[in-house]
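Chains as they are written, first to last, in our numbering: chain A, 35 to 362; chain B, 35 to 362; chain C, 35 to 362. Below is one structure; the comments refer to it alone.
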Amino acid sequence: MKIGEIAKKLGLSIIGDSDIEISDVATLSSAKSEHISFYHNKKYSADLEKTLASAVVIQKKHLFDNAEFTAVISDNPLDDFRRVVEIFHPVIEQKPGISEFAHIDPQAEIGENVLIEPYAVIEKSTIAIRCRIGASSVIGDNVEIGENTRIFPRVVIYPNTKIGSNVIIHSGAIIGSDGFGYSRTADGVFRKIPQIGRVIIEDNVEIGANTAIDRGALDDTIIGAGTKIDNLVQIGHNVIIGKNCAITGQVGIAGSCKLGDRVLLGGQSGLAGHLILGDDVVVFAQAGVEKSFDDGTVLLGSPARPSRETLRQWAAMAKLPEIIKKMK
Amino acid sequence: MKIGEIAKKLGLSIIGDSDIEISDVATLSSAKSEHISFYHNKKYSADLEKTLASAVVIQKKHLFDNAEFTAVISDNPLDDFRRVVEIFHPVIEQKPGISEFAHIDPQAEIGENVLIEPYAVIEKSTIAIRCRIGASSVIGDNVEIGENTRIFPRVVIYPNTKIGSNVIIHSGAIIGSDGFGYSRTADGVFRKIPQIGRVIIEDNVEIGANTAIDRGALDDTIIGAGTKIDNLVQIGHNVIIGKNCAITGQVGIAGSCKLGDRVLLGGQSGLAGHLILGDDVVVFAQAGVEKSFDDGTVLLGSPARPSRETLRQWAAMAKLPEIIKKMK
Amino acid sequence: MKIGEIAKKLGLSIIGDSDIEISDVATLSSAKSEHISFYHNKKYSADLEKTLASAVVIQKKHLFDNAEFTAVISDNPLDDFRRVVEIFHPVIEQKPGISEFAHIDPQAEIGENVLIEPYAVIEKSTIAIRCRIGASSVIGDNVEIGENTRIFPRVVIYPNTKIGSNVIIHSGAIIGSDGFGYSRTADGVFRKIPQIGRVIIEDNVEIGANTAIDRGALDDTIIGAGTKIDNLVQIGHNVIIGKNCAITGQVGIAGSCKLGDRVLLGGQSGLAGHLILGDDVVVFAQAGVEKSFDDGTVLLGSPARPSRETLRQWAAMAKLPEIIKKMK
């Protein structure tokens, strides 16, 4: 496909030769002359200068003189490159069909054009049209799954969970396990409190491999629409997460936290229980949040504080050994 | 059920109207007039004042004048509320039975009233009476499982593991995987050391979703009776955990640690290898413990120190930027 | 077996009685007189003095006067003890064979002497000779697995993954799940970027229980030969790991990091995205690495700095409360 055609499909303008043939997508560093690539992160400016790609999706302000590639000008290069990837690598839909080796409760309601792979177990639950249930997944009693949701192999959905449409759940994820809820006697013996709430996952959520989301103790655990959750994340009982949040790998959210919309949690960060974070809060990797923060706060460190405060402390700490030496 | 009846069942006294009909349990904030709730955490004092619940299980000292609810007076509101939940939500026992789609070794010994769900694999092992083995779980050779233990779907128990009675293991947990044990040659090549120890899980333990517990290298890894382990916890080879400990989400315990009884480990905290923690040690979330500590120590920070010491350091650090400014 | 025979098999010399009969291996503290043990860690020097073992594999410099055991002299006691363990506990090879209850695509290519356990799903993929595929594992389309690789029960290998020879993958591991890759619109909505790269795992790698390794976005995620990965580790898309690295429990490596050879990452440590670590870098437990470091750097703390620098800061911080008090 010619660069000109690609740009036309995307509705973007180009600077440079529009007639070069492009056969695939690639990163700046691995691209050859038949590839289109993209630039959106300063860490790759050296790669940009040396790239062999014939076309690069790029913001106009990042274009430099004498660039040897054709620039496809974009305000959001990553998003427009996403569309380029979809042109060259269209999703191949699996054929629907229900494996004779799946175990499906006769009272389960299965919509049309559903794919159920071998050794899946579907209890008395409702699976809407165009869903795909991967091999060896277990869908418990009274689960509802919305249209076009894709569950990869070996996922477990505990009973009473409600999952929206266009949700993606990766292998190994456990949805609706019991929360860590116990009372404790005077001599330190724990007694299990029945966990009777549900997990509700709204539309367009994606959940990563081996992530665990606990059911509510009394009320429900809720994952808001459009929120993306990475691998090996732990979400405790009664957590309520807003819409369009991004929760990266190995984050831990203790019970009863409430997050606003568009909250971003960096890898391995942790939230203590019963906290409230406002909309657009950003938590850096490994931060440890132990109190509530308002909309838009950017948090860093453990214990987490607004980043400016933490950076000031870290800068002071770095000077401290020298200062102590001088004081002596 | 009338509040008076509930209180009578629990053996507790009430302050207020005993005749109101209660239909279910709820949290303070979501309760309506037909609900009974509980109060045990200061973070919810505002919810307590505004609750619509007609009854609240509460310590007498937390009761306030003009409360509109009937108080069910308890020394341990969480534990008594647990009993209330059990009244309104009795556990519905699954019917025992062995699925014809499970794969069971002819030499396996299966007790009476056991439930084995589809696609479970049971090798030459011993499963005591009233156990429930979830779908797609794999129970290896020479495993012993005590009475009334519940294994949720998709758990793997490696060979030679010994599990007590009344244990609960949630989906995705892996019990008895090889420890991270290698020798290393002079040029940095790792060679695997056979891991020939076992995992022993005593009675009344609960293990969370996607948690991993490694078998011992030579001796055994042991989880003491009554200990509760949350989701995504990593327990290395030869760790010995005492009784009635609570190990919360994403904790990591490196090999050969030895913990006393009633130890509490906060979320994402980590223990370096070969440490000894005494009875009743408390480790706060994200703390990093790199040496042994005696009974009752409360640990905070990374590296973890007694909390008073860490809090003093943190307070000093917070002042440091201002102090450096003044010194200049 | 007599100690003399064992030493002869290992090609090692002994100091002490060579005629004592040894029946098994044990740790110093649990050994009885019929056992052989080893010593390689100062933390166990008290155990060495009190051990009942009749033989100990030990470096000559650690041998003390009047030791009651026979010393088997070794430059690398852990590695030589590994060989002793293999003598007393030879690996019992499972018999090859393909379960009639496995679901195997007719176009899959399965080599000779392969073991495939019940409820495994093998799509159109290539499994070389002597591989073992555990119960309920799922091997996706177009996967290649080299000779003598062992996949424990309940592993998922996503399509297009390439796995070398003599690899071990423990239960619950997920190889090739989608990376956490999204573009974001101006109003904060995430759009999934197709993840079209692969995971390539080279020879002699071992991967722990419930670990997740994401496929590349465009290029591949690569795990170098001989690298050992522990449980519950998260490896993001496009990460490239060198040879003979050790990555311990719960480590998180964000996308596009590049690690040299023989890198050691301590438990719960984390690497931010797009970093480069040279050969032989050592990262201590819980460290948070947010920039690149050269060959041989030893990193400590969060944010991680060369250990000498961090230790100096920590020492200064410990003194700080006292200094502030004096200044007042």
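Think of the CB as a built atom: it goes at the ideal place given N, C-alpha and C, for glycine as much as any other residue.
What distance in whole Å lies between the Cβ atoms of C/G307 and C/S326, which are believed to be in contact at a cut-off of 8 Å? Incorrect: roughly 11 Å between the Cβ atoms, too far for contact.
Rounded distance between the beta-carbons of B/L46 and B/S108, thought under 8 Å: 6 Å
What's the gap between the Cα of C/S196 and the Cα of C/I173? According to the sequence shown, residue 196 of chain C is Lys rather than Ser. Rounded to the nearest angstrom, the two C-alpha atoms are 11 Å apart.
Cβ-Cβ distance between A/E68 and A/S52 below 9 Å: For A/E68 and A/S52, no; Cβs fall outside 9 Å.
State whether the segment 180-187 of chain B contacts the segment 192-206 of chain C, with contact taken as three or more CB pairs (one from each stretch) at a distance under 8 Å. Cβ pair count under 8 Å is below three, so no.
Of all the alpha helix (DSSP H) runs that stay within the bounds of the segment 149-213 of chain C, which reach a length of 4 or more residues? If only complete runs of 4 or more residues are kept, the segment 149-213 of chain C shows no alpha helix (DSSP H) anywhere.
How is the alpha helix (DSSP H) around C/S341 delimited, first residue to last? 341-361
Can you tell me where the alpha helix (DSSP H) holding B/S79 begins and where it ends? 79-84
So which residues of chain B does A/K353 contact, with C-beta pairs closer than 7 Å? I358
Assuming the contact rule is C-beta atoms closer than 8 Å, B/S159 and B/E178 should be a hit. Round their C-beta distance to whole Å, please. 7 Å
Residues sharing a beta bridge with A/A89, DSSP: Bridge partners of A/A89: A/I70, A/T104.
Given a cut-off of 9 Å, decide if B/S336 and B/G322 are closer than it, judged by their beta-carbon atoms. Going by C-beta atoms, B/G322 is nearer than 9 Å to B/S336.
State the beta-bridge partners of C/L305 as determined by DSSP. C/I287, C/V323
Just the Cα atoms here: how many angstroms apart are C/T282 and A/N75? Approximately 30 Å between the Cα atoms of the pair.
Taking buried to mean at least 16 other C-beta atoms within 10 Å of its own C-beta, is A/G131 buried or exposed? With fewer than 16 Cβ atoms within 10 Å of its Cβ, A/G131 is classed as exposed.
Bounding residues of the alpha helix (DSSP H) (the contiguous stretch that carries C/R116): 111-122
So, does the CB of A/H204 fall closer than 9 Å to a CB anywhere in chain B? no
Go to B/A41, then tell me how far its alpha helix (DSSP H) extends in each direction, as first and last residue. 37-44
Pairwise C-alpha distance: B/A60 and A/I227: 13 Å
Pull out every residue of the segment 254-278 of chain C whose Cβ sits closer than 7 Å to any Cβ of chain B, in chain order. The residues in question are G260, K262, D264, N265, L266, N278.
Determine the direct distance from the alpha carbon of A/G258 to that of A/R218, and round the result to whole angstroms. 33 Å
Counting only beta-carbon separations shorter than 9 Å, does C/E120 have a partner in chain B? Cβ-Cβ to chain B under 9 Å: yes for C/E120.
Contact set for A/L266: own chain, Cβ-Cβ below 8 Å, skip 5 residues either direction: G242, A243, N244, T245, G283, Q284
Residues from the segment 138-169 of chain A in contact with chain B, defined by Cβ distance under 8 Å: Y153, V155
Chain C contact residues for B/A350, given Cβ-Cβ distances below 7 Å: L354, P355, I358
Counting only beta-carbon atoms, is B/E324 nearer than 9 Å to chain C? yes
Would C/V332 count as contacting chain B if we go by Cβ distances under 9 Å? No, C/V332 does not count as interfacial toward chain B.
Who does C/H96 pair with in a DSSP beta bridge? Bridge partners of C/H96: none, in fact.
DSSP on A/K76, reduced to helix/strand/coil? Helix at A/K76.
Run through the DSSP bridge pairs and tell me what C/T255 is partnered with. DSSP lists C/V233 as partners of C/T255.
Rounded separation between C/L82 and C/Y73 - CA only: 7 Å
Taking C-beta pairs closer than 8 Å, name the residues in chain C that A/G289 reaches, listed in chain order. In chain order: nothing, as chain C lies at least about 20 Å away.
Inter-residue spacing [alpha-carbon to alpha-carbon] between C/I70 and C/L252: 52 Å
In terms of residue numbering, what span does the beta strand (DSSP E) encompassing A/S217 cover? Residue range 216-218 is occupied by the beta strand (DSSP E) that includes A/S217.
What does the Cβ neighbour count give for A/K95, buried or exposed, with the cut at 16 atoms within 10 Å? exposed
First through last residue of the beta strand (DSSP E) which encompasses A/A246: 246-248
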